[in-house]
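Participant: Below are the structure tokens for one structure; questions will follow.
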Amino acid sequence: MPPDDLPPWIQQHRWAVGQRLRTLRLDKGLTQMQLGARAGIDNKTISRIENGRYPTSIDQIARLARALDVPSFRLFHDCDP
């Protein structure tokens with residue numbers, strides 16, 4: 001389903017998770033490329049996630065959280081609908 005076809009509340013959640021990922025990444029002083037290398041995820045995918053344009057899987061959330069050395073729930077913090 002293209003992002004434009006998604007309900008607004010899903011788009012808001014994607015955007016919120018992406019912003020949280022960006023904040024955590026920058027707090028750790030990492031580039032998208034560095035985070036991608038640590039997580040085993042392409043840096044273009046990291047960019048898409050951060051911009052809310054990618055349907056992130058739970059597996060990717062787990063990889064990203066581990067690469068950032070934070071619990072997975074930190075990527076969802078402040079994501080109230």
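So for the sequence shown, the UniProt record's numbering puts the first residue at 1; every next one is plus one.
Every residue gets a Cβ at the ideal spot worked out from N, C-alpha and C, and that includes glycine.
Since K44 is in the alpha helix (DSSP H), which residue starts that stretch and which ends it?
Facilitator: To locate residue 44, count along the sequence shown from 1; it is residue 44. Unbroken alpha helix (DSSP H) run through K44: 43-50.
Participant: Taking DSSP as the reference, what is the three-state secondary structure of L64?
Facilitator: Translated into positions along the sequence shown, residue 64 becomes position 64. Note: L64 maps to helix in three-state DSSP.
Participant: If you check the beta carbons only, do G52 and R14 fall under 8 Å apart?
Facilitator: Looking up residue 52 in the sequence shown gives position 52. Looking up residue 14 in the sequence shown gives position 14. It is a contact, given that the beta carbons lie within the stated cut-off.
Participant: Give the secondary structure of G40 by DSSP, where H, G and I count as helix, E and B as strand, and everything else as coil.
Facilitator: Numbered from its first residue, the sequence shown carries residue 40 at position 40. In the structure shown, G40 sits in coil (DSSP, three-state: anything other than H, G, I, E or B).
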